[in-house]
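Undergrad: Following our numbering, the numbering of the sequence shown begins with 13 at its first residue and continues without gaps.
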Amino acid sequence: MYKDIFDHKSQKELDNCFLEALSDCGMTCEIKKGEIINPDSSNYIFLVLEGEVNQLMYSKDGNEIIFFRITKGSIFGEEDFFDEKRTSVIYKALQNSAIKMISKNEIDIILESNPKLFRCFLQSMVIKNRMIMMEISNFKFNDSEGKLADFLIRLYYTEDINMDMKKHISIVLTHEEIANRIGLNRATVTKIMNKFKEKAYITISGKEIIINDIEALKSLTNIPI
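(1) Examine the Cβ distances between the stretch 117 to 133 and the stretch 212 to 220 and report whether three or more of them are shorter than 8 Å.
(2) Using the Cβ count rule (16 or more neighbours within 10 Å means buried), how would you classify D27?
(3) So G63 and A110 are in contact, right, with Cβ under 8 Å, and what is the actual spacing, rounded?
(4) The beta strand (DSSP E) with I114 in it runs from where to where?
(5) Going by the CB atoms, is the gap between N126 and K33 shorter than 8 Å?
(6) Assuming Y168 is part of the alpha helix (DSSP H), what are its boundary residues?
(7) Can you give the beta carbon distance from E118 to C37, rounded, assuming they're within the 8 Å contact cut?
(8) Alpha carbon to alpha carbon, what distance is there between K24 and I173?
(9) Identify, in the order they occur along the chain, each residue of the same chain with its Cβ nearer than 7 Å to the Cβ of A105, setting aside the five sequence neighbours on each side.
(10) Can you find the residues in the same chain that come closer than 6 Å, C-beta to C-beta, to N150, ignoring five residues on each side of it along the sequence?
(11) What does the alpha-carbon distance come out to for the pair K21 and I57?
(12) Cα separation between M113 and N197?
(13) Going by CA-CA distance only, name the one from L185, R98 and E147 that's closest to S54.
(14) Per DSSP, F80 forms a beta bridge with which residues?
(15) Can you look up E32 in the DSSP assignment and give me helix, strand or coil?
(16) Let me know the secondary structure DSSP gives K104 once reduced to three states.
(17) Which residue's Cα is closest to the Cα of I194: L167, S35 and E210?
(18) In this structure, what does DSSP give as the bridge partners for I122?
(19) Return helix, strand or coil for S217, following the three-state DSSP convention.
(20) State the beta-bridge partners of T40 as determined by DSSP.
(21) Based on the DSSP secondary-structure assignment, which residues constitute the bridge partners of L59?
(22) Within its chain, find whatever has a CB closer than 8 Å to the CB of M238; leave out the 5 residues flanking it on each side and keep chain order.
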């Protein structure tokens, strides 16, 4: 299921759609690693030109949950933009990044001349909705091992690789980042990672996680994938 939902060719086409339509518009902003983007209105859509950004939310007591990692060619803020309501999600740069900040007036003009862009916006929101659906299913159906296994499987199928040419992938994430994505604490993630490593499901080298046995990970999840 994940392989069909998160098709690499379609994602590349979507990224190219946004880069071609929006990269010459708006204002370019350079943001430093760790810098927070907290738009004061819903009147903007943002395009990542370089780098990576996390979409996240903080609880009142400072706990963090990460919804999406947004990479080059992808947009963010489109849900707020089309709903015309600002939510409490914010964005945090994972590395030094460059983004485009495009106003509602500019978007309206672009859409008049390029109505096909509507479909790209819709597709972006559908993909994010499906990702949230999968994450909610993971929270509901899986135990701690299953949660981590399912998360790694999703990364396996969403990484920008040629699935026919490569049997494993490399993912650069800290245990803290993973914990914040799947609702576990860092110590639990580390414990399960070590167990997966002992069973040779994965190999860990620094921040790099190499998935060796995707089928073994699939056997641990209760989601029909």
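Virtual Cβ for every residue (Gly too), placed ideally from N, Cα, C.
TA: The structure says:
(1) Judged by Cβ distances under 8 Å, the stretch 117 to 133 makes no contact with the stretch 212 to 220, as fewer than three pairs qualify.
(2) With 16 or more other Cβ atoms within 10 Å, it is buried.
(3) Contact flag correct, Cβ pair sits at about 6 Å.
(4) I114 -> beta strand (DSSP E) spans S109 to S115.
(5) Checking the displayed sequence, the identity of residue 33 turns out to be Ala instead of Lys. Between A33 and N126, the CB-CB gap stays under 8 Å.
(6) S156 to T170 is the extent of the alpha helix (DSSP H) around Y168.
(7) With 8 Å as the limit, E118 and C37 qualify as a contact, their Cβ atoms being about 5 Å apart.
(8) At I173, the pLDDT of 47 sits below 50, so the modelled position is not reliable; the number obtained from the coordinates is stated separately. C-alpha separation (whole angstroms): 11 Å.
(9) So the list reads I43, K44, K45, G46, E47, G63 and V65, once near-sequence residues are dropped.
(10) Excluding five sequence positions before and after N150, the CB atoms of its chain that fall closer than 6 Å to its own CB belong to K159 and D162, given in chain order.
(11) In a straight line, the C-alpha of K21 is about 23 Å away from that of I57.
(12) Distance between the alpha carbons of M113 and N197: 34 Å.
(13) Ranking the options by Cα distance to S54, first place goes to R98.
(14) DSSP output for F80 lists Q67 as bridge partner(s).
(15) Three-state result, E32: helix.
(16) When DSSP states are grouped into helix, strand and coil, K104 belongs to the strand group.
(17) Of the residues L167, S35 and E210, the one whose Cα lies closest to the Cα of I194 is L167.
(18) Bridge partners of I122: none, in fact.
(19) Reduced to three states, the DSSP call for S217 is strand.
(20) Note: T40 sits in a beta bridge opposite K112.
(21) The partner list for L59 (beta bridge, DSSP) reads I87 and K112.
(22) In the structure displayed, the chain extends from 13 to 237; residue 238 sits before or after that span and is not available.
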